[in-house]
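Residue numbers (our numbering): 58 to 198. What follows is a single structure, written as structure tokens, with notes after it.
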Amino acid sequence: MGEKKLKVAALDTPYAKEQYKKFQKQQRQLIFKRRRLTALFLIAAFVFIIMGVQLFGEHQHLTELKAIQAKTEAESAKLDQQVSTLKQDVSLLQDDDYVAKLARSRYYYSKDGELVFVLPDQDKTAQKSSSDEIVKSETAE
Numbered sequence: 058m059g060e061k062k063l064k065v066a067a068l069d070t071p072y073a074k075e076q077y078k079k080f081q082k083q084q085r086q087l088i089f090k091r092r093r094l095t096a097l098f099l100i101a102a103f104v105f106i107i108m109g110v111q112l113f114g115e116h117q118h119l120t121e122l123k124a125i126q127a128k129t130e131a132e133s134a135k136l137d138q139q140v141s142t143l144k145q146d147v148s149l150l151q152d153d154d155y156v157a158k159l160a161r162s163r164y165y166y167s168k169d170g171e172l173v174f175v176l177p178d179q180d181k182t183a184q185k186s187s188s189d190e191i192v193k194s195e196t197a198e
């Protein structure tokens, strides 16, 4: 078992030598093609990985921008509501009757001969908001 003898003998003819050279050339071309194909595959894989990373980053950035947009739109709607409320307050403050009722309810201003009664059970914030509602409802009528 120690030594194996080859049972196939190589022919030493010019045709056999030519065929052996052709076979070696084909093997070299096959190895070259495989290496070239492997290199192209590695380059393509590298490009796809780079593009995938960039795509993922852009997706994250887009998600952040959408969150910022939603937050900004919510703030804008809130500010629009505040602006409309303030415009309404400005238009109400231009009415002299409303200003007089507001001064009476908030600051206990009275005309000559009027008496102002303060009820001790009411909380100041509840009194202020209820007096504002009363004044606004009276002006709406």
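Cβ atoms here follow ideal geometry from the backbone N, Cα and C, with glycine treated the same way.
Burial state of residue i (16 or more Cβ within 10 Å)
{"i": "residue 159", "result": "buried"}
{"i": "residue 167", "result": "exposed"}
{"i": "residue 162", "result": "buried"}
Beta-carbon proximity list for residue i, same chain, < 8 angstroms, skipping 5 on both sides
{"i": "residue 74", "result": "none"}
{"i": "residue 175", "result": "165"}
{"i": "residue 90", "result": "none"}
Cβ shell of residue i (< 6 angstroms), same chain only, five flanking positions each side left out
{"i": "residue 97", "result": "none"}
{"i": "residue 195", "result": "The predicted position of residue 195 is uncertain, since its pLDDT is 48 and thus under 50; no value can be drawn from it."}
{"i": "residue 108", "result": "none"}
{"i": "residue 113", "result": "none"}
Span of the alpha helix (DSSP H) around residue i
{"i": "residue 96", "result": "71-150"}
{"i": "residue 160", "result": "153-164"}
Min CB distance residue i to chain B below 8 angstroms
{"i": "residue 83", "result": "Any reference to chain B falls outside this structure, which holds one protein chain only."}
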